[in-house]
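Here the structure is laid out as structure tokens; the discussion comes afterwards.
Structure representation (structure tokens):
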């Protein structure tokens, strides 16, 4: 009888121990294990991250890191880490967290506009994806890539169409660059190419002219009219005489693209640069900035008129006064010059 009691007691104790272990396992796997107040928190896991790196990122977000580590080992996550951006929802348990980290890499929306150099583009993109600015710049500026895609030192900026694009955060520099080439080819469809040919321009020339339009006016509704002025000048064999090209020439010469120039001086117009449209005829060899789609389409769909000149309208800031003759333009110009002097804008 004593032996039976011992056996029963042992069996019951065993069941209790098993139950306790099962409860502990269940609790570790399925009990909520977050400690942040927001509805969700984002975790970024680098491409070369170790399990230790992951736990460091998660530590501020979890109530019990040890139970997460235990479940991660059971589920084989520690040897199968996936890079990316992940959303941890408030109240998730360890099982849900690990399933999220395994398969729910979130896309990110990246955007850029009006960069004047590949270096500034690389810096802008590096703020939005995993790739760093140095690797991006080296990849974007790769000589073999430029040669294979028929871009060069002057035209390379034209390949990047400002917009918002969806990527995974863990995108590397090469995948970003190649995607941008795909987007460029998609943008320059048969319709746009046909419009460029009708104007007697190549896509690169359209982009270079659009970059000037972009710099001349921030008003999207005015861009077709400004584009029309420059196209009229090209048709008549006139110099473009665009102040933004002179400013860009100065920046390119000094290498300082952060230079702020509000007023172009007569001495600037003598600068010997193919980008100085007061000195050299035709469209500059490349874009002076990354023009918006609206500026490119403004060149492809210009307003038809007889205007050859324009100057800022100080009575309606952001817009311009247009003229068909130099005499009319000079009269319009007086009000702008007077305003610059009143504001003491000398450079």
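Numbering (this note's numbering), first residue to last: 1 to 347. Heads up, the beta-carbon is just placed ideally off N, CA and C, and yes, glycines get one too.
If you check the CB distance, residue 85 and residue 145 do not come in under 8 Å.
Taking one beta carbon from each stretch, the region 213 to 230 and the region 288 to 297 have 3 or more pairs nearer than 8 Å; the two touch.
Distance from the CA of residue 123 to the CA of residue 154, rounded to the nearest whole angstrom, comes to 20 Å. Annotation: residue 189 to residue 138 spans about 28 Å, alpha carbon to alpha carbon. A Cβ-Cβ distance of about 18 Å is found for the pair residue 245 and residue 202, leaving them out of contact under the 8 Å criterion. Contact annotation: the region 314 to 330 does not touch the region 234 to 253, with fewer than three C-beta pairs closer than 8 Å. Per DSSP, the beta bridge partners of residue 109 are 166. Take the alpha-carbon of residue 308 and the one of residue 229: they are about 5 Å apart.
Leaving aside the five residues that flank residue 125 on each side, the residues in its chain whose CB is nearer than 6 Å to its CB run, in chain order, 136. By DSSP's assignment, residue 310 forms a beta bridge with 322.
When the beta-carbon positions are compared, residue 87 and residue 210 stay at least 8 Å from each other. Where residue 45 is concerned, the enclosing beta strand (DSSP E) starts and stops at 40 to 45. The DSSP assignment places complete beta strand (DSSP E) segments of no fewer than 3 residues inside the region 269 to 314 at 309 to 312, in order along the chain.
Excluding sequence positions up to five before and after residue 159, its CB lies within less than 8 Å of the CB of 149, 151, 180, 181, 184, all in the same chain and listed in chain order.
When DSSP states are grouped into helix, strand and coil, residue 62 belongs to the strand group.
The alpha-carbon of residue 143 is positioned some 10 Å away from that of residue 156. Taking the C-beta atoms as reference points, residue 45 is found nearer than 8 Å to residue 81. Contact between residue 57 and residue 170 does not hold, since the beta-carbon distance rounds to 14 Å and is not under 8 Å. Residue environment for residue 31: exposed (fewer than 16 other C-beta atoms within 10 angstroms of its C-beta).
Under the three-state reduction of DSSP output, residue 87 falls in the strand class.
The alpha-carbon separation between residue 300 and residue 339 amounts to approximately 33 Å. Residue pairing by DSSP places residue 93 opposite 32 in a beta bridge.
Contact fails between the region 267 to 283 and the region 218 to 227, because fewer than three Cβ pairs, one in each stretch, are under 8 Å apart. Per DSSP, the continuous alpha helix (DSSP H) segment holding residue 139 begins and ends at 133 to 140. A straight-line Cα-Cα distance of about 29 Å links residue 302 and residue 257. Under the three-state reduction of DSSP, residue 334 is assigned to helix.
Under the three-state reduction of DSSP output, residue 99 falls in the helix class.
Residue 113 and residue 163 have their C-alpha atoms spaced approximately 7 Å apart. Under the three-state reduction of DSSP output, residue 200 falls in the coil class, being neither helix nor strand. Contact annotation: residue 34 and residue 92 have beta-carbon atoms nearer than 8 Å. Listed in chain order, the non-local C-beta contacts of residue 195 below 6 Å within the same chain comprise 300, local neighbours out to five positions each way being set aside.
With a contact defined as Cβ atoms closer than 8 Å, residue 115 and residue 40 miss out at about 32 Å.
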